[in-house]
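In the numbering used here, the protein residues as written are 861 to 952.
Following this line, the structure appears as structure tokens:
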């Protein structure tokens with residue numbers, strides 16, 4: 861058996877270990893990234909610049925737009941786990 865052929869067989873023995881090590885490194889990085897360790901231990905608090913938006917009477921099929929400024933006034937990271945909930949009240 862030539863030296864080249866023996867060296868290839870030795871490399872093939874370590875290939876599964878190398879692949880397994882790579883998969884474990886990726887899994888560990890994913891786990892650490894999703895832990896949310898960057899919060900700093902604080903508590904987030906949300907504040908908006910307008911509690912109510914009143915356009916008055918609006919004709920049917922007329923589009924109106926508005927902007928709301930959302931600010932984190934707390935000392936932790938503010939994250940939305942679900943879609944932000946907006947309530948539309950009629951006649952207020």
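We put the CB at the ideal spot given by N, CA and C, even for glycine.
Could you say which of 916, 884 and 902 lies nearest to residue 938 if we only look at CA atoms?
902
Enclosing beta strand (DSSP E) for residue 931 [first to last residue]:
930 to 932
Backbone CA spacing between residue 873 and residue 892 [nearest angstrom]
30 Å
Taking the C-alpha atoms as reference points, what is the distance between residue 919 and residue 928?
23 Å
Which whole-angstrom value is the C-beta distance of residue 906 and residue 930, which I expect to be below 8 Å?
6 Å
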